[in-house]
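Below is one structure; the comments refer to it alone.
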Amino acid sequence: MDRSPQHDLRSRNRVRAMAHIQRVALDLFDERGYGSVTMTEIAQAAEVGERSVYRYFGSKQGVVLYDEMDEVAIAAFGELVRSRPVLDAIRLALREADVAVDDAAMHLAVRKLRIIDSDRELRAALAELVASIGTALGDAIAAAGTAPLTARIQGRCVADALTVGIEQWFREGADGSLWTQLERAVDVLDAGFGERHSTSLSESTTR
1 MDRSPQHDLR
11 SRNRVRAMAH
21 IQRVALDLFD
31 ERGYGSVTMT
41 EIAQAAEVGE
51 RSVYRYFGSK
61 QGVVLYDEMD
71 EVAIAAFGEL
81 VRSRPVLDAI
91 RLALREADVA
101 VDDAAMHLAV
111 RKLRIIDSDR
121 ELRAALAELV
131 ASIGTALGDA
141 IAAAGTAPLT
151 ARIQGRCVAD
161 ALTVGIEQWF
171 REGADGSLWT
181 QLERAVDVLD
191 AGFGERHSTS
201 LSESTTR
């Protein structure tokens with residue numbers, strides 16, 4: 001992996017450029033509505049080439065859904081889960097994120113959630129993104145030594161639970177601590193379904 005100073009500078013410049021374009025795009029979406037803004041208009045308002053917007057984000061949906069913390073959080077989880085149980089690793093990752101994410105980032109997240117909530121295609125794109133994050137978490141869990149099927153299920157469950165926690169926090173007016181809500185979501189996973197006498201599908205079909 002190239003970790004030269006030039007590579008680090010390019011990475012920082014890329015992150016700054018993407019953050020700038022996203023902020024400009026969100027302003028346009030707030031003013032006109034998501035569906036009324038084109039990629040060409042985003043590029044013009046951000047004073048960059050349209051090709052650059054596509055190269056960075058891939059699509060207009062990607063402009064809204066992009067979060068630089070996603071890859072960072074997944075990588076951090078991959079390190080943490082090597083030496084502790086999955087949910088302990090998630091809890092620790094959440095606590096680290098609570099310290100790292102400032103008020104401006106939280107405000108940006110709320111703006112993005114409002115826009116996503118207003119558009120059906122964006123909601124569908126978010127579901128695909130959550131599934132891909134769940135797959136990435138599952139890969140990290142498998143790399144730590146868990147059986148592939150178990151790892152995939154655990155990764156998807158964690159991603160979906162955290163997403164529901166975020167959605168619930170947003171529906172309640174984004175008041176209070178997001179991180180407290182996310183820890184509650186992890187607690188629900190930790191508690192399981194609480195069905196001690198449930199019957200498996202294989203058992204029920206053989207009776």
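Residue 51 in full-length UniProt numbering sits at position 51 of the sequence shown, and the numbers go up by one each step.
Think of the CB as a built atom: it goes at the ideal place given N, C-alpha and C, for glycine as much as any other residue.
Query	Result
Cβ neighbour criterion (16 or more within 10 Å) applied to G165	buried
Exposure of A159, with buried meaning 16 or more beta-carbon neighbours within 10 Å	buried
Whole runs of the alpha helix (DSSP H) within the segment 146 to 202, excluding any shorter than 4 residues	148 to 171, 178 to 191
L108 versus Q168 - alpha carbon distance	17 Å
Under the three-state DSSP convention, the category R10 falls into	helix
Assigned secondary structure, A144 (DSSP; H/G/I helix, E/B strand, else coil)	coil
Coarse secondary structure for R84, derived from DSSP in three states	coil
Coil, strand or helix - V48 by DSSP	coil
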